[in-house]
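Read through the structure below, which is laid out as structure tokens, and then see the notes.
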Amino acid sequence: MLKLVLSALSLKTFQITQQLWVSRQKQYNNMVPDFILGGAMKSGTTFLHNLLENHPQVKIIDRNMDHAYFDDDRIYPRGKEWYMSLFNGVMKDKEQGKIIGQTSADCNFNPGSVKRIIEHNPDTKLIFVLRHPIERSYSLYWHQYSMGREYRKFEDAIKMEPKLIKKSYHHFKHYSYLERSRYYQQFEEIAKLLPSQNLLILDFDSLVKNTLPSINIVLEFLGADKVNDLKELNYEVLRRNPAKIPTNHTVVLISAALHKLGLIRVSRRILNMFRKEMRPPKIDDAMQAKLEQELKNDIAFFDKVKKDFHAKINQN
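This is the structure in structure tokens:
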């Protein structure tokens, strides 16, 4: 009798364990996202996002600040269930076998964000687009200057950066000119956490100049079919149009003050009246040399990324 009871209990335990395993496996299979597209501002992340979202086997949720869940310490406490709810609109696509992704341009800058991603789903693949550290920093500066968020000269903005980025996440996001270009330290940490088969880094120039082989490398990495022609992705050439830069510094100062007061629309209207389509001036030679020295490890890391990605292009 005792043997029968123990046998029944053993069978019941096995059934419960099996049900739990099936339940967890089903939940795991429905885990999203399958990939996250990251990269510093002004590095071509949006361009790659637009290409991928036009692939029939890929679905990327609409870009939204709330999607900085892993990166923003203000959002992360909302919890896993809240984050998963952002994907409610694409779960049918997931069930149909589509590859689900999101864009989160800050996930290589928060030291804990990649760790959070792995804890959420250890199989999540990360894709990063990088641009030359100095070129990216200078481009971001002029973007912020043109938008009325920055009023300082470039040299002064660089000096103020360490103090500014400590104020808030907003300040870090908009004024981290050099901090976002410190690739060496960022990816040294990522390499310790993420299996190499789940990490792809490509450079901005390759993406722009060799778009077809570059996007096919990304698609192969994700497990999606390659394309024979960029027209399949509704491709439009990413042109480096000259930026519309405010030509009057006094107007920039007034606009920046209005921007701080929350009068953003008024600020931009004033700026638009004094904008001229032109390329930013060349960085001062002394400043260029200073930045090359300060970012030498990051430049070396970027050069290696570029060389390695070119090798992948030549293999395809």
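In our numbering, each residue carries its 1-based index in the sequence shown increased by 312. Positions of the beta carbon are idealized from the N, C-alpha and C atoms, including for glycine.
Segment limits, beta strand (DSSP E) that includes residue i
i    : result
T358 : It is not in any beta strand (DSSP E) - T358 instead sits in the alpha helix (DSSP H) that spans T357 to L364.
Q498 : Note, Q498: premise wrong, no beta strand (DSSP E); alpha helix (DSSP H) at Y495 to L505.
Burial state of residue i, where buried means 16 or more other Cβ atoms lie within 10 Å
i    : result
L573 : exposed
A623 : exposed
G630 : As displayed, the chain neither begins before 313 nor continues past 628, which places residue 630 out of reach and without an answer.
S397 : exposed
L349 : buried
A612 : exposed
Q408 : exposed
A503 : exposed
L438 : buried
E431 : exposed
K465 : exposed
K543 : exposed
P445 : buried
S518 : buried
P309 : Given a span of 313 to 628 for the chain in the structure shown, any question on residue 309 remains unanswerable.
L565 : exposed
D597 : exposed
D541 : exposed
K404 : exposed
K475 : exposed
K608 : exposed
Q498 : buried
K619 : exposed
N626 : exposed
Continuous alpha helix (DSSP H) stretch holding residue i: start and end
i    : result
R580 : I576 to M585
V370 : That residue, V370, is in no alpha helix (DSSP H); its beta strand (DSSP E) goes V370 to I372.
D383 : D383 -> no alpha helix (DSSP H), and no H or E assigned at all.
E604 : D597 to E606
V530 : T523 to L534
F466 : F466 to L476
K406 : M403 to E407
F484 : Y481 to Y487
K392 : K392 to S397
Residues that residue i bridges to, as DSSP identifies them
i    : result
G351 : V441
I513 : F440
I566 : I566 pairs with nothing; no bridge assigned.
G413 : F347 and I372
P434 : DSSP output for P434 lists no bridge partner at all.
E589 : K556
8 Å Cβ cutoff met for residue i and residue j
i    : j    : result
R448 : K602 : no
T415 : H361 : yes
V441 : T523 : no
A568 : Y463 : yes
N675 : L545 : Lying before the first or after the last residue shown, residue 675 is absent from the chain, which here runs from 313 to 628.
V402 : I373 : yes
A352 : S526 : no
L363 : Y489 : no
E467 : E491 : no
Y281 : F359 : The requested residue 281 does not occur in the structure, where the chain is confined to residues 313 to 628.
L505 : V426 : yes
I595 : Y487 : no
V617 : I513 : yes
R443 : F516 : yes
V539 : N528 : yes
K406 : V344 : yes
Say whether the region 520 to 536 touches the region 456 to 470, bearing in mind that this needs 3 or more beta-carbon pairs closer than 8 Å, one atom from each stretch.
-> no
Is there contact here, the region 364 to 384 with the region 559 to 574, by at least three beta-carbon pairs under 8 Å?
-> no
How do the region 586 to 597 and the region 474 to 482 stand: do at least 3 beta-carbon pairs fall below 8 Å, yes or no?
-> no
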